[in-house]
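These protein sequence lines map, in sequence, to chains A and B. Numbers given in our numbering equal positions in the first sequence, counted from 1, plus 162. Numbers given in our numbering equal positions in the second sequence, counted from 1, plus 162.
Number of protein chains: 2
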Amino acid sequence: MRYTPEMHDIAHPSHVEGHFESSESVRDVVIGLSDGLTVPFALAAGLSGAVSNSHIIVLAGLAEIAAGSIAMGLGGYLAARGDAEHYASELAREQDEVITRPDDEAEEIYEIFAQYSVPRAAAAPVLAALQQNHPAYVDFMMRFELGLEKPASNRAHRSALTIASSYIAGGLVPLLPYMFVGAAVLPNTTTALGFSVIITVLALALFGALKGRLLGTGAIRSGLQTALIGGAAAAAAYTLARLLNSHT
Amino acid sequence: MRYTPEMHDIAHPSHVEGHFESSESVRDVVIGLSDGLTVPFALAAGLSGAVSNSHIIVLAGLAEIAAGSIAMGLGGYLAARGDAEHYASELAREQDEVITRPDDEAEEIYEIFAQYSVPRAAAAPVLAALQQNHPAYVDFMMRFELGLEKPASNRAHRSALTIASSYIAGGLVPLLPYMFVGAAVLPNTTTALGFSVIITVLALALFGALKGRLLGTGAIRSGLQTALIGGAAAAAAYTLARLLNSHT
Numbered sequence: 163m164r165y166t167p168e169m170h171d172i173a174h175p176s177h178v179e180g181h182f183e184s185s186e187s188v189r190d191v192v193i194g195l196s197d198g199l200t201v202p203f204a205l206a207a208g209l210s211g212a213v214s215n216s217h218i219i220v221l222a223g224l225a226e227i228a229a230g231s232i233a234m235g236l237g238g239y240l241a242a243r244g245d246a247e248h249y250a251s252e253l254a255r256e257q258d259e260v261i262t263r264p265d266d267e268a269e270e271i272y273e274i275f276a277q278y279s280v281p282r283a284a285a286a287p288v289l290a291a292l293q294q295n296h297p298a299y300v301d302f303m304m305r306f307e308l309g310l311e312k313p314a315s316n317r318a319h320r321s322a323l324t325i326a327s328s329y330i331a332g333g334l335v336p337l338l339p340y341m342f343v344g345a346a347v348l349p350n351t352t353t354a355l356g357f358s359v360i361i362t363v364l365a366l367a368l369f370g371a372l373k374g375r376l377l378g379t380g381a382i383r384s385g386l387q388t389a390l391i392g393g394a395a396a397a398a399a400y401t402l403a404r405l406l407n408s409h410t
Numbered sequence: 163m164r165y166t167p168e169m170h171d172i173a174h175p176s177h178v179e180g181h182f183e184s185s186e187s188v189r190d191v192v193i194g195l196s197d198g199l200t201v202p203f204a205l206a207a208g209l210s211g212a213v214s215n216s217h218i219i220v221l222a223g224l225a226e227i228a229a230g231s232i233a234m235g236l237g238g239y240l241a242a243r244g245d246a247e248h249y250a251s252e253l254a255r256e257q258d259e260v261i262t263r264p265d266d267e268a269e270e271i272y273e274i275f276a277q278y279s280v281p282r283a284a285a286a287p288v289l290a291a292l293q294q295n296h297p298a299y300v301d302f303m304m305r306f307e308l309g310l311e312k313p314a315s316n317r318a319h320r321s322a323l324t325i326a327s328s329y330i331a332g333g334l335v336p337l338l339p340y341m342f343v344g345a346a347v348l349p350n351t352t353t354a355l356g357f358s359v360i361i362t363v364l365a366l367a368l369f370g371a372l373k374g375r376l377l378g379t380g381a382i383r384s385g386l387q388t389a390l391i392g393g394a395a396a397a398a399a400y401t402l403a404r405l406l407n408s409h410t
């Protein structure tokens, strides 16, 4: 399901109070596991509909895990670094503006409050208090004018590693049964597909339920939804691969 | 690279002014294209390192596109619907609280301002103005206490379709050359891989450059980064598949 605004609540469960690094890690695990459990699962299921060689399915699954974990991890790293740079450049600009363009900044404060029908006279004491304390003034503008929050330091590296590891861990679950076909524990890819569906749907439901508890959206509903997404993706990939294969 | 906080700027380029539906669509296209261009590309490249049958590569690529587009589209749909429900339930709670618990709400306003060293006396006129206008009071709490913005109506359906379509469009680009191996235009999967790398890296660079212009992070830098992520993912998948294949 990739990163969604909803996940903001995992990272900031207590809203205004600020920044919890552990919760950001939880969010990264959720992002990585969501996709890791879903896409390699569906790919393997899809190929099972067309290819009887379990070796190719495992190979494709591992190639997908390598590709997906790097795309998510490196993408997450660059995005987090970009966020940090964006924050730093906006911070420098605001720090400059509260000194060099005090009237413009004051006008911006009035405009923020005007959106909520707060007249200039009522906003003036707040402005005066902020002008007494430049760091607080800058923080206020960063959050209320620009909607930016200070990124945790070193967030980029940790975020990339957490997302990529979670993607790999999630992706290996659906592939495990196919690995045992080569070792003659399971007779064929169809049996492996059956086991893969069972363990992955259970893992998706469990993971979805935990995510639902964290988000407060309800464990059962979230568990069912997460299993549904994975199941639908796998069913579509399987059907597509079967159709394509029967036409060639 | 999935959805990142950085992308918030695409959806809200003018920050406080509000909500632009067209920008949210742009964000959805960016999310879909980012992954669509990267992961099927890397998967196909990876399989080229181990499998000489272009039919299997196309099949795996299409299965991945089906799986990925559904996982992203359906995931995006459920997430957007969850956001809308979350917003509605918090809105109802705030609407109730400004009437039934006016003192607690007032205290919350004081606490928000206290974080920026604004004394109670200075915040009092703002509070009084908000208390005169309950809809504005509720809006203020939604945004500044809870950090929530009103989701566009019907956002969930459109978002799901836009993300999934963009993923499919992006994913077909790297697969095209492999489709022409069967039609005897290209001699083998190695040649197809070469063409796939050329057109996909160009597409990633162009897409990254456009994204960089939209975000204001610089077209050249963003173009190089986007091409780098895709290239790294493809190289890793290719290397992994070759190594695994030589051991079996």
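Glycine included, C-beta positions come from ideal geometry on N, C-alpha and C.
Within 10 angstroms of its Cβ, does residue i collect 16 or more other Cβ (buried), or is it exposed?
{"i": "Glu247 of chain B", "result": "exposed"}
{"i": "Ser214 of chain A", "result": "exposed"}
{"i": "Arg375 of chain B", "result": "exposed"}
{"i": "Arg189 of chain A", "result": "buried"}
{"i": "Val347 of chain A", "result": "exposed"}
{"i": "Glu269 of chain B", "result": "exposed"}
{"i": "Arg317 of chain B", "result": "buried"}
{"i": "Asp301 of chain A", "result": "buried"}
{"i": "Glu183 of chain B", "result": "Because the pLDDT of Glu183 of chain B is 49, which lies under 50, any placement of that residue in the model is unreliable, and the number read from its coordinates should be weighed accordingly. Burial call: exposed."}
{"i": "Pro339 of chain A", "result": "buried"}
{"i": "Ser231 of chain A", "result": "buried"}
{"i": "Ser408 of chain A", "result": "exposed"}
{"i": "Gly356 of chain B", "result": "exposed"}
{"i": "Met169 of chain A", "result": "Because Met169 of chain A carries a pLDDT of 47, less than 50, the predicted location of this residue cannot be relied on, and no value is offered for it."}
{"i": "Thr324 of chain A", "result": "buried"}
Roughly how many whole angstroms lie between the Cα atoms of residue i and residue j?
{"i": "Ser321 of chain B", "j": "Ala284 of chain B", "result": "43 Å"}
{"i": "Phe306 of chain B", "j": "Ile227 of chain A", "result": "40 Å"}
{"i": "Gly309 of chain A", "j": "Lys373 of chain A", "result": "26 Å"}
{"i": "Ala399 of chain B", "j": "Leu377 of chain B", "result": "30 Å"}
{"i": "Tyr278 of chain A", "j": "Ile382 of chain B", "result": "40 Å"}
{"i": "Ala395 of chain A", "j": "Ala233 of chain B", "result": "6 Å"}
{"i": "Leu205 of chain B", "j": "Ser251 of chain A", "result": "37 Å"}
{"i": "Ala298 of chain A", "j": "Val192 of chain B", "result": "35 Å"}
{"i": "Leu292 of chain A", "j": "Ala276 of chain B", "result": "11 Å"}
{"i": "Leu386 of chain B", "j": "Phe342 of chain B", "result": "28 Å"}
{"i": "Met304 of chain B", "j": "Asp266 of chain B", "result": "15 Å"}
{"i": "Gln294 of chain B", "j": "Pro281 of chain A", "result": "11 Å"}
{"i": "Ser328 of chain A", "j": "Pro287 of chain A", "result": "49 Å"}
{"i": "Asp258 of chain A", "j": "Ser384 of chain B", "result": "27 Å"}
{"i": "Gly393 of chain A", "j": "Ala314 of chain A", "result": "36 Å"}
{"i": "Ser187 of chain B", "j": "Asn350 of chain A", "result": "44 Å"}
{"i": "Ala229 of chain B", "j": "Pro264 of chain B", "result": "50 Å"}
{"i": "Glu311 of chain B", "j": "Tyr249 of chain B", "result": "8 Å"}
{"i": "Phe369 of chain A", "j": "His217 of chain B", "result": "35 Å"}
{"i": "Thr401 of chain A", "j": "Pro202 of chain A", "result": "16 Å"}
Helix, strand or coil for residue i per DSSP?
{"i": "Val359 of chain A", "result": "helix"}
{"i": "Gly378 of chain A", "result": "coil"}
{"i": "Tyr278 of chain A", "result": "coil"}
{"i": "Val347 of chain B", "result": "coil"}
{"i": "Lys312 of chain B", "result": "coil"}
{"i": "Val220 of chain A", "result": "helix"}
{"i": "Gln387 of chain A", "result": "helix"}
{"i": "Ala206 of chain B", "result": "helix"}
{"i": "Ala291 of chain A", "result": "helix"}
{"i": "Ser214 of chain A", "result": "coil"}
{"i": "Arg404 of chain A", "result": "helix"}
{"i": "Arg263 of chain A", "result": "coil"}
Could you list which residues in chain B have their beta carbon closer than 8 Å to that of residue i, in chain order?
{"i": "Ile391 of chain A", "result": "Ile232, Ala233, Leu236, Gly237 and Leu240"}
{"i": "Gln387 of chain A", "result": "Leu240"}
Give the residues of chain C in contact with residue i, contact being defined as C-beta atoms less than 7 Å apart.
{"i": "Ser216 of chain B", "result": "Judged by its chain identifiers, the structure shown contains no chain C, and its protein chains are A and B."}
Along chain B, which residues have their Cβ under 7 Å away from the Cβ of residue i?
{"i": "Tyr278 of chain A", "result": "Leu292, Ala298, Asp301 and Phe302"}
{"i": "Phe306 of chain A", "result": "Phe306"}
Are residue i and residue j close, meaning C-beta to C-beta below 7 Å?
{"i": "Ala242 of chain A", "j": "Leu221 of chain B", "result": "no"}
{"i": "Leu195 of chain A", "j": "Gly332 of chain A", "result": "yes"}
{"i": "Ala365 of chain A", "j": "Val335 of chain A", "result": "yes"}
{"i": "Ile261 of chain B", "j": "Gly237 of chain A", "result": "no"}
{"i": "Leu289 of chain B", "j": "Ile274 of chain B", "result": "no"}
{"i": "Val359 of chain B", "j": "Ala389 of chain B", "result": "no"}
{"i": "Leu337 of chain B", "j": "Gly223 of chain B", "result": "yes"}
{"i": "Ala254 of chain B", "j": "Leu209 of chain A", "result": "no"}
{"i": "Ala371 of chain A", "j": "Gly235 of chain A", "result": "no"}
{"i": "Thr379 of chain A", "j": "Gly198 of chain B", "result": "no"}
Could you list which residues in chain A have their beta carbon closer than 8 Å to that of residue i, in chain order?
{"i": "Leu402 of chain B", "result": "Leu224, Ala225 and Ala228"}
{"i": "Val201 of chain B", "result": "Val201, Glu226, Ala229, Gly230 and Ala233"}
Which bits of chain A does residue i rub up against, with CB to CB less than 9 Å?
{"i": "Thr379 of chain B", "result": "Gly244, Glu247 and His248"}
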